[in-house]
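Read through the structure below, which is laid out as C-alpha coordinates, and then see the notes.
Residue numbers (this note's numbering): 182 to 368.
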(Lines of atoms letter the chains of each structure in order from A and count residues from 1; the text may use other names and numbers.)
(Lines give C-alpha, C1' and ligand atoms only; values in the text may rest on other atoms or scores of the structure.)
Protein backbone atom coordinates (compact mmCIF):
# COMPACT_ATOMS: atom_id res chain seq x y z
CA UNK A 1 0.00 0.00 0.00
CA UNK A 2 2.90 2.38 0.57
CA UNK A 3 3.93 2.13 -3.08
CA UNK A 4 0.34 2.42 -4.26
CA UNK A 5 -0.15 5.47 -2.07
CA UNK A 6 3.03 7.10 -3.40
CA UNK A 7 1.90 6.42 -6.97
CA UNK A 8 -1.59 7.79 -6.31
CA UNK A 9 -0.15 10.92 -4.69
CA UNK A 10 2.19 11.43 -7.65
CA UNK A 11 -0.42 10.85 -10.36
CA UNK A 12 -3.63 12.14 -8.73
CA UNK A 13 -2.34 14.36 -5.94
CA UNK A 14 -2.20 14.13 -2.15
CA UNK A 15 -5.72 15.47 -1.73
CA UNK A 16 -7.46 13.36 -4.38
CA UNK A 17 -10.30 11.03 -3.40
CA UNK A 18 -8.48 8.09 -5.00
CA UNK A 19 -5.55 8.73 -2.68
CA UNK A 20 -7.98 8.88 0.25
CA UNK A 21 -9.35 5.47 -0.82
CA UNK A 22 -5.86 3.97 -0.86
CA UNK A 23 -5.23 5.37 2.63
CA UNK A 24 -8.57 4.00 3.91
CA UNK A 25 -7.72 0.55 2.53
CA UNK A 26 -4.31 0.76 4.17
CA UNK A 27 -6.04 1.67 7.45
CA UNK A 28 -8.21 -1.44 7.16
CA UNK A 29 -5.11 -3.58 6.75
CA UNK A 30 -3.50 -2.06 9.85
CA UNK A 31 -6.75 -2.60 11.73
CA UNK A 32 -6.76 -6.31 10.81
CA UNK A 33 -3.13 -6.50 11.91
CA UNK A 34 -4.21 -5.03 15.28
CA UNK A 35 -2.02 -1.97 14.75
CA UNK A 36 -4.82 0.25 15.99
CA UNK A 37 -2.83 3.45 16.42
CA UNK A 38 -1.72 3.45 12.79
CA UNK A 39 -5.18 2.40 11.59
CA UNK A 40 -6.86 5.27 13.44
CA UNK A 41 -4.33 7.78 12.12
CA UNK A 42 -4.93 6.63 8.54
CA UNK A 43 -8.74 6.56 8.84
CA UNK A 44 -8.61 10.15 10.13
CA UNK A 45 -6.24 11.17 7.33
CA UNK A 46 -8.48 9.62 4.69
CA UNK A 47 -11.51 11.45 6.07
CA UNK A 48 -9.60 14.74 6.22
CA UNK A 49 -8.56 14.42 2.57
CA UNK A 50 -12.15 13.77 1.52
CA UNK A 51 -13.32 16.81 3.48
CA UNK A 52 -10.91 19.12 1.62
CA UNK A 53 -13.33 19.29 -1.32
CA UNK A 54 -15.66 21.38 0.84
CA UNK A 55 -18.76 19.67 -0.53
CA UNK A 56 -20.73 17.04 1.34
CA UNK A 57 -20.37 13.81 -0.60
CA UNK A 58 -21.14 10.16 -0.16
CA UNK A 59 -17.37 9.55 0.00
CA UNK A 60 -17.16 11.71 3.13
CA UNK A 61 -20.12 9.89 4.68
CA UNK A 62 -18.50 6.56 3.81
CA UNK A 63 -15.21 7.63 5.41
CA UNK A 64 -17.06 8.78 8.54
CA UNK A 65 -18.73 5.37 8.70
CA UNK A 66 -15.40 3.58 8.34
CA UNK A 67 -13.89 5.59 11.19
CA UNK A 68 -17.05 5.09 13.24
CA UNK A 69 -16.83 1.33 12.69
CA UNK A 70 -13.24 1.41 13.87
CA UNK A 71 -14.23 3.35 17.00
CA UNK A 72 -17.09 0.94 17.64
CA UNK A 73 -14.66 -1.99 17.55
CA UNK A 74 -12.44 -0.10 20.01
CA UNK A 75 -15.46 0.46 22.30
CA UNK A 76 -15.20 4.22 21.78
CA UNK A 77 -18.95 4.40 21.47
CA UNK A 78 -19.49 8.14 21.81
CA UNK A 79 -17.00 8.89 19.02
CA UNK A 80 -18.61 6.20 16.88
CA UNK A 81 -22.12 7.47 17.57
CA UNK A 82 -21.23 11.03 16.56
CA UNK A 83 -19.67 9.89 13.29
CA UNK A 84 -22.48 7.45 12.43
CA UNK A 85 -25.08 10.16 13.08
CA UNK A 86 -23.15 12.68 10.98
CA UNK A 87 -22.86 10.15 8.14
CA UNK A 88 -26.59 9.42 8.33
CA UNK A 89 -27.44 13.13 8.17
CA UNK A 90 -25.16 13.53 5.18
CA UNK A 91 -26.71 10.57 3.34
CA UNK A 92 -30.17 11.98 4.06
CA UNK A 93 -29.12 15.32 2.53
CA UNK A 94 -27.59 13.66 -0.51
CA UNK A 95 -30.25 11.09 -1.33
CA UNK A 96 -33.99 10.75 -1.39
CA UNK A 97 -35.60 8.78 1.38
CA UNK A 98 -35.56 5.14 0.42
CA UNK A 99 -31.97 5.06 -0.79
CA UNK A 100 -30.02 1.97 0.24
CA UNK A 101 -27.15 4.10 1.56
CA UNK A 102 -29.56 5.51 4.12
CA UNK A 103 -30.65 1.99 5.08
CA UNK A 104 -27.00 1.00 5.47
CA UNK A 105 -26.30 4.05 7.69
CA UNK A 106 -29.38 3.33 9.82
CA UNK A 107 -28.24 -0.28 10.29
CA UNK A 108 -24.72 0.80 11.25
CA UNK A 109 -26.07 3.10 13.93
CA UNK A 110 -28.48 0.37 15.04
CA UNK A 111 -25.59 -2.07 15.37
CA UNK A 112 -23.78 0.43 17.57
CA UNK A 113 -26.84 0.84 19.78
CA UNK A 114 -27.03 -2.94 20.12
CA UNK A 115 -23.45 -2.95 21.41
CA UNK A 116 -24.39 -0.15 23.80
CA UNK A 117 -27.44 -2.16 24.94
CA UNK A 118 -29.78 0.61 23.77
CA UNK A 119 -32.16 -1.89 22.23
CA UNK A 120 -35.17 0.38 21.71
CA UNK A 121 -33.02 2.86 19.77
CA UNK A 122 -31.60 0.00 17.71
CA UNK A 123 -35.08 -1.37 17.05
CA UNK A 124 -36.32 1.97 15.71
CA UNK A 125 -33.36 2.25 13.34
CA UNK A 126 -33.58 -1.37 12.21
CA UNK A 127 -37.29 -0.94 11.47
CA UNK A 128 -36.59 2.14 9.34
CA UNK A 129 -33.77 0.34 7.52
CA UNK A 130 -35.96 -2.73 6.92
CA UNK A 131 -38.72 -0.53 5.51
CA UNK A 132 -36.28 1.10 3.09
CA UNK A 133 -34.84 -2.24 2.01
CA UNK A 134 -38.32 -3.67 1.54
CA UNK A 135 -39.42 -0.72 -0.61
CA UNK A 136 -36.19 -0.66 -2.59
CA UNK A 137 -35.68 -4.36 -3.26
CA UNK A 138 -39.02 -5.87 -2.30
CA UNK A 139 -39.98 -7.50 1.00
CA UNK A 140 -38.84 -10.94 -0.19
CA UNK A 141 -35.41 -9.88 -1.44
CA UNK A 142 -32.31 -11.34 0.20
CA UNK A 143 -31.16 -7.85 1.28
CA UNK A 144 -34.47 -7.39 3.14
CA UNK A 145 -33.81 -10.65 4.98
CA UNK A 146 -30.95 -9.09 6.93
CA UNK A 147 -33.32 -6.47 8.28
CA UNK A 148 -35.52 -9.24 9.68
CA UNK A 149 -32.47 -10.92 11.19
CA UNK A 150 -31.27 -7.76 12.90
CA UNK A 151 -34.76 -7.12 14.25
CA UNK A 152 -34.97 -10.69 15.56
CA UNK A 153 -31.71 -10.19 17.47
CA UNK A 154 -32.93 -6.89 18.84
CA UNK A 155 -36.26 -8.37 20.00
CA UNK A 156 -34.44 -11.31 21.54
CA UNK A 157 -32.27 -8.98 23.63
CA UNK A 158 -35.45 -7.19 24.79
CA UNK A 159 -37.00 -10.56 25.71
CA UNK A 160 -39.76 -10.02 23.14
CA UNK A 161 -39.61 -13.63 22.11
CA UNK A 162 -42.71 -13.79 19.91
CA UNK A 163 -41.46 -10.86 17.83
CA UNK A 164 -37.98 -12.35 17.71
CA UNK A 165 -39.32 -15.68 16.49
CA UNK A 166 -41.56 -14.01 13.88
CA UNK A 167 -38.69 -12.03 12.38
CA UNK A 168 -36.22 -14.90 12.56
CA UNK A 169 -38.73 -17.15 10.78
CA UNK A 170 -39.19 -14.56 8.04
CA UNK A 171 -35.40 -14.27 7.69
CA UNK A 172 -35.13 -18.05 7.31
CA UNK A 173 -38.00 -18.23 4.79
CA UNK A 174 -36.41 -15.65 2.54
CA UNK A 175 -33.02 -17.33 2.75
CA UNK A 176 -34.59 -20.68 1.81
CA UNK A 177 -36.38 -19.08 -1.14
CA UNK A 178 -33.14 -17.64 -2.50
CA UNK A 179 -30.57 -20.23 -1.48
CA UNK A 180 -32.57 -23.45 -1.33
CA UNK A 181 -33.24 -25.82 1.57
CA UNK A 182 -29.89 -27.60 1.32
CA UNK A 183 -27.64 -24.53 1.36
CA UNK A 184 -25.26 -24.57 4.36
CA UNK A 185 -26.39 -21.07 5.40
CA UNK A 186 -29.97 -22.33 5.69
CA UNK A 187 -29.58 -25.78 7.25
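Where a beta carbon is used, it is the ideal one built from N, C-alpha and C, also for glycine.
What three-state label does DSSP hand residue i in the structure shown?
| i | result |
| --- | --- |
| residue 301 | helix |
| residue 366 | coil |
| residue 281 | helix |
| residue 276 | coil |
| residue 331 | helix |
| residue 289 | helix |
Assuming residue i contacts residue j under a Cβ cut-off of 8 Å, what Cβ separation, rounded to an integer in Å, is found between them?
| i | j | result |
| --- | --- | --- |
| residue 336 | residue 348 | 6 Å |
| residue 284 | residue 261 | So it is not a contact: roughly 19 Å between Cβ atoms. |
| residue 290 | residue 306 | 5 Å |
| residue 275 | residue 239 | 6 Å |
| residue 223 | residue 242 | Contact flag wrong, Cβ pair sits at about 18 Å. |
Less than 7 Å between the CB of residue i and some heavy atom of the ligand GTP, yes or no?
| i | result |
| --- | --- |
| residue 328 | The ligand GTP is absent from the structure shown, which contains no ligands of any kind. |
Going by DSSP, what residue range makes up the alpha helix (DSSP H) through residue i?
| i | result |
| --- | --- |
| residue 237 | Premise fails: residue 237 is in no alpha helix (DSSP H) and is neither H nor E. |
| residue 207 | 198-213 |
| residue 319 | Here residue 319 belongs to no alpha helix (DSSP H), and DSSP marks it neither H nor E. |
| residue 167 | This structure gives no information on residue 167, because the portion of the chain shown stretches from 182 to 368. |
| residue 182 | Per DSSP, residue 182 belongs to no alpha helix (DSSP H) and is neither H nor E. |
Let me confirm a value: residue i is counted as buried when at least 16 other C-beta atoms fall within 10 Å, else exposed. Which label applies?
| i | result |
| --- | --- |
| residue 214 | exposed |
| residue 200 | buried |
| residue 342 | exposed |
| residue 286 | buried |
| residue 303 | buried |
| residue 292 | buried |
| residue 203 | buried |
**OP:** Examine the Cβ distances between the segment 231-249 and the segment 213-220 and report whether three or more of them are shorter than 8 Å.
**Re:** no
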